[in-house]
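Enquirer: In this note's numbering, the protein residues as written are 940 to 1722. Pasting in a structure now, in structure tokens, and then I'll have a few things to ask.
Next comes the structure, spelled out in structure tokens:
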């Protein structure tokens, strides 16, 4: 209930402010996409935001008002005394008091300790721990109720439709097509990345405007949102999505690159396809037809988001057709065409390929979704064959669809239904297509598949939760089949006896043979029964495990959102919920272990550090082939003093990657080198640093670490050459290693000079430098 109260207070507050509706809309979208509360979405999006404390103060007032509204009225006339009713502070009040109070300055050095010259560099885990941001108490300034609250995701589309020239800084080009190009830009105020789409061919201005306005009105988690539009500049601003389009995912999965064949299983891809169907169902409900659906126009974000994009050919009932040029020959079947024929040939329905614009409707998109499903599932990803665009269009008009390879029969039926030649023969709505895909995932009957009696029997068995019920159904079927067969064989034998007594011996032999056949058939049926029972049990177990994994994955995603904002204390209980749901999900233990370690290192909490070690060990146990799991487990072993075992784990991480034909992660190699420096195994450290630098040659800091190891071996000339080279290449931090080298050779004046120069560039070495300078002074005092 506390979470509901917080979210409702936040909602009321935002609705009372100028610009708050847009902010609330964005928070609701984040809440729905990540399955978190409105308050949690606010904590993530506004982490470190200058307005956060103002909003918290306003939200607290609204929460108090809600509490007061809930108190029943005793007297009809308000009391006139000046004493206010004292309401006990709740735990949430205490937390808000902490949130709105001015935070104490943070120690940015974290766990820095006194370090002598030449002490080993710190191991870097796979996830760097950043210092906490210090905020400002803005609650006192919040009395100005007319102050406009900024939209947390940019300008409000539809309010002014104008893009401020100074609002965005363009960074680089993301892509370019025949009609437009997309630029990566940064929102200067919010310091976040966006994508800006420019029109290149002004002949398409009207359609470009329709794309901006149409997409801007489609508010759905699975449709790429548009924030701003500038007609005079022919550009609009979209959400920047980091990820890959579905075409790239399909290709990498087919080639088994980067483990995509494991990450994107058939079931996982089908779940994402259902998200596409949900987005298109929403667009169709608003009267919008996409007309260019294909894998390339479906984006898969790095956190699993699914977004339908590129609505340049979209059509509404109110929109006139503004393009009437003819189609030009092309050899690229994936290219979007414009003209009387618009769309991508390999994915367009016959009515679209024939230029029958007035016949294009939601069923045209369903055909394209069926073709997309073909590419997603089939070993041969092309739904239509052809040497060039016109050849493909001819095959589309002839209804010549390729046969999917290595695709289950039921899914083939779904593809064929969606890609029927006649519009009236396709799914009437995209919801029906998505429902059939979901039915297959759930092990239910697919509406468009011609099942045999035996197939339906298997489905009926799956619906029965107990094995006894399943066995009863199968046994009943076997009994009926067995009795019928036995009677038939005996009747035949009796008939033969009646016809010829002389054939008695032969008839008896035949009867005996028939009985043997019946028994053999019973054996076969019983064996099939056992196979079915095993398949059902496995299917039920797999389904249950997948449901747990999906639910646990959502919690881990929420935990990662908080951990990514250095909100470790909030992340830990979320990871614990994920573990409770699925105790065998390694990513939950890994995330929890990293969050615990981050807190333990800041607070010197040894008990929490030990818990972190146990959680990371569990992650490795559940997924021993994960290189980064072992890397962070090894680092945790070092922190708890288990040095020798840490070395073994670093080596196992590298070996595991090599055995799986993967490139060992550079951070593991670097950490093993740092590990050797702490054990004064300088030659081994140099060997690992060389391996790392071969992969990352631009890391001049590690070059200097290597120079330090040569210095400890007494090879001062080599050490100095390496450090001097790093300095000449622009790394001023090399002054520290140069100071070390002179210090070891007792060249005090040069050592002092270099150490003083190093302080601004290597602040983490301040204690070590001060120690060295004191030692130099002691040497001089002795003389």
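Note that the Cβ used here is the ideal one computed from N, Cα and C, for glycine as well.
1. Let me make sure I understand the geometry here. Which of 1542, 1486, 1249, 1179 has the alpha-carbon closest to that of residue 1520?
2. For residue 1158 and residue 1224, what's the separation of their Cα atoms in angstroms?
3. Just the C-alpha distance for residue 1638 and residue 1632, rounded to the nearest angstrom, thanks.
4. Report the rounded CA-to-CA distance for residue 1536 versus residue 1473, giving the unit in angstroms.
5. Would you call the CB atoms of residue 1528 and residue 1488 closer than 8 Å?
6. For residue 1693, is the classification buried or exposed, using 16 other Cβ atoms within 10 angstroms of its Cβ as the cut-off for buried?
7. Closest by CA to residue 1494, which one among 1337, 1242, 963?
8. Give the DSSP bridge partners of residue 1135, in chain order.
9. What are the boundary residues of the alpha helix (DSSP H) that includes residue 1336?
10. Which of helix, strand or coil does DSSP assign to residue 1283?
11. How big is the Cα-Cα spacing for residue 1183 and residue 1240?
12. From 1498, 1385, 1326, 1575, pick the residue whose C-alpha is nearest to that of residue 1355; which is it?
13. Determine which residues share a DSSP beta bridge with residue 1571 and list them.
14. Using a Cβ distance threshold of 8 Å, determine whether the segment 1168-1176 contacts the segment 1281-1291, with at least three qualifying pairs required.
15. Does residue 1629 pass the burial test, meaning 16 or more other C-beta atoms within 10 Å, or should it be called exposed?
16. Helix, strand or coil for residue 1130? Go by DSSP, reduced to three states.
17. Between which two residues does the beta strand (DSSP E) holding residue 1144 run?
18. Note down the Cα distance separating residue 1555 from residue 1571, rounded to an integer number of angstroms.
19. Contact check, residue 1511 vs residue 1534 under 8 Å by CB: the rounded distance?
20. Among 1286, 1717, 1700, which has the Cα closest to the Cα of residue 1671?
21. Please report the straight-line C-alpha distance between residue 952 and residue 1187, rounded to a whole angstrom.
22. Buried or exposed, going by whether 16 or more other CB atoms sit within 10 Å of the CB of residue 1336?
23. Under 8 Å, with one C-beta from each stretch per pair, do the segment 1543-1551 and the segment 1502-1510 reach the 3-pair mark?
24. May I ask which residues mark the beginning and end of the alpha helix (DSSP H) holding residue 1215?
25. Apply the 10 Å Cβ neighbour rule to residue 1462 and answer buried if 16 or more other Cβ atoms are within range, or exposed otherwise.
26. Does the count of Cβ pairs from the segment 1662-1680 and the segment 1639-1650 closer than 8 Å reach three?
27. Are residue 1595 and residue 1575 touching if we call contact CB-CB under 8 Å?
28. Is residue 1607 helix, strand or coil when you go by DSSP?
29. Which two residues bound the contiguous alpha helix (DSSP H) that contains residue 1188?
30. What is the C-beta distance between residue 1227 and residue 1177, in whole angstroms, given that I count them as a contact (C-beta under 8 Å)?
31. Go through its chain and collect everything with a Cβ distance to residue 1075's Cβ below 6 Å, but skip five positions before and after it.
32. Can you grab the Cα-Cα spacing for the pair residue 1360 / residue 1351, in whole Å?
33. Under the rule that 16 or more other beta-carbon atoms within 10 Å means buried, what is residue 1144, buried or exposed?
34. Terminal residues of the continuous beta strand (DSSP E) containing residue 1108?
35. Using the C-alpha atoms, what's the distance from residue 1346 back to residue 1234?
36. If we ignore side chains and look at the alpha-carbon of each, how far apart do residue 1657 and residue 1664 end up?
Expert: A quick look at the data gives this:
1. For the purposes of this step, residue 1520 is taken as the residue at position 581 of the chain shown. When 1542, 1486, 1249, 1179 are compared, the shortest CA-CA separation from residue 1520 is found for 1486.
2. Here residue 1158 refers to the residue found at position 219 of the chain shown. Here residue 1224 refers to the residue found at position 285 of the chain shown. Taking the straight line joining both Cα atoms gives about 12 Å.
3. Locating residue 1638 in the chain shown gives position 699, where the first residue counts as 1. Locating residue 1632 in the chain shown gives position 693, where the first residue counts as 1. If you take the alpha carbons of residue 1638 and residue 1632, they lie about 7 Å apart.
4. Sequence index remark: in the chain shown, residue 1536 carries index 597 (1-based). Sequence index remark: in the chain shown, residue 1473 carries index 534 (1-based). Computed Cα separation, rounded: 43 Å.
5. Within the chain shown, the letter at position 589 stands for residue 1528. Within the chain shown, the letter at position 549 stands for residue 1488. It is not a contact, given that the beta carbons lie outside the stated cut-off.
6. Counting from 1 along the chain shown, the entry for residue 1693 is found at position 754. Residue 1693 should be labelled buried.
7. Residue mapping note: residue 1494 aligns to position 555 of the chain shown, counting from 1. Checking every option, the nearest Cα to that of residue 1494 belongs to 1242.
8. Here residue 1135 is taken as the residue at index 196 of the chain shown, counted from 1. Per DSSP, 1122, 1176.
9. The residue you call residue 1336 lines up with position 397 of the chain shown. Per DSSP, residue 1336 belongs to the alpha helix (DSSP H) from 1328-1337.
10. As a position in the chain shown, residue 1283 is number 344, starting the count at 1. If DSSP states are grouped into helix, strand and coil, residue 1283 belongs with coil.
11. The sequence position of residue 1183 within the chain shown is 244, counting from 1. The sequence position of residue 1240 within the chain shown is 301, counting from 1. Distance between the alpha carbons of residue 1183 and residue 1240 is about 7 Å.
12. For the purposes of this step, residue 1355 is taken as the residue at position 416 of the chain shown. Out of 1498, 1385, 1326, 1575, 1385 has the C-alpha closest to the C-alpha of residue 1355.
13. One-based indexing of the chain shown puts residue 1571 at position 632. According to DSSP, which records beta bridges pairwise, residue 1571 is partnered with nothing at all.
14. Result no; under three Cβ-Cβ pairs closer than 8 Å.
15. For the purposes of this step, residue 1629 is identified with residue 690 of the chain shown, where counting begins at 1. It counts as exposed.
16. Here the question's residue 1130 lines up with position 191 in the chain shown. Coil at residue 1130, not helix or strand.
17. For this step, residue 1144 is matched to residue 205 along the chain shown. Bounds of any beta strand (DSSP E) do not take in residue 1144; it lies within the alpha helix (DSSP H) bounded by 1144-1156.
18. To locate residue 1555, count along the chain shown from 1; it is residue 616. To locate residue 1571, count along the chain shown from 1; it is residue 632. The straight-line gap from Cα to Cα measures roughly 7 Å.
19. Here residue 1511 is taken as the residue at index 572 of the chain shown, counted from 1. Here residue 1534 is taken as the residue at index 595 of the chain shown, counted from 1. Indeed they touch by this definition, with Cβ atoms about 5 Å apart.
20. For the purposes of this step, residue 1671 is taken as residue 732 along the chain shown, with counting starting at 1. Among 1286, 1717, 1700, the Cα nearest to that of residue 1671 belongs to 1700.
21. Numbered from 1 along the chain shown, position 13 holds the residue referred to as residue 952. Numbered from 1 along the chain shown, position 248 holds the residue referred to as residue 1187. Those two C-alpha atoms are separated by around 43 Å.
22. Residue numbering aside, residue 1336 sits at position 397 when the chain shown is read from its first letter. Exposed is the call here.
23. No contact exists between the segment 1543-1551 and the segment 1502-1510.
24. The count along the chain shown starts at 1 and reaches residue 1215 at position 276. Note, residue 1215: alpha helix (DSSP H), 1205-1224.
25. The residue you call residue 1462 lines up with position 523 of the chain shown. By the 10 Å Cβ count, residue 1462 comes out exposed.
26. Yes, the segment 1662-1680 is in contact with the segment 1639-1650.
27. Along the chain shown, one-based indexing puts residue 1595 at 656. Along the chain shown, one-based indexing puts residue 1575 at 636. In this structure, residue 1595 lies away from residue 1575, with their beta-carbon atoms at least 8 Å apart.
28. For this step, residue 1607 is matched to residue 668 along the chain shown. Correct three-state label for residue 1607: helix.
29. The count along the chain shown starts at 1 and reaches residue 1188 at position 249. Following the DSSP letters along the chain, one finds residue 1188 inside the alpha helix (DSSP H) bounded by residues 1185-1194.
30. The residue labelled residue 1227 in the question sits at position 288 within the chain shown. The residue labelled residue 1177 in the question sits at position 238 within the chain shown. About 16 Å; that fails the 8 Å criterion.
31. Taking the chain shown and counting its residues from 1, one reaches residue 1075 at position 136. Low confidence applies here, because residue 1075 scores a pLDDT of 30, under 50, leaving its location unreliable and the question unanswered by this model.
32. What you label residue 1360 is simply residue 421 of the chain shown in a count that begins at 1. What you label residue 1351 is simply residue 412 of the chain shown in a count that begins at 1. The straight-line gap from Cα to Cα measures roughly 15 Å.
33. Taking the chain shown and counting its residues from 1, one reaches residue 1144 at position 205. Under the 10 Å beta carbon count, residue 1144 is surrounded by fewer than 16 other beta carbons and is classified as exposed.
34. The sequence position of residue 1108 within the chain shown is 169, counting from 1. Where residue 1108 is concerned, the enclosing beta strand (DSSP E) stretches over 1107-1115.
35. Counting from one through the chain shown, the residue named residue 1234 turns up at place 295. Counting from one through the chain shown, the residue named residue 1346 turns up at place 407. If you take the alpha carbons of residue 1234 and residue 1346, they lie about 18 Å apart.
36. Position 718 of the chain shown, counted from the first residue, corresponds to residue 1657. Position 725 of the chain shown, counted from the first residue, corresponds to residue 1664. Approximately 11 Å, taken between the alpha carbons.
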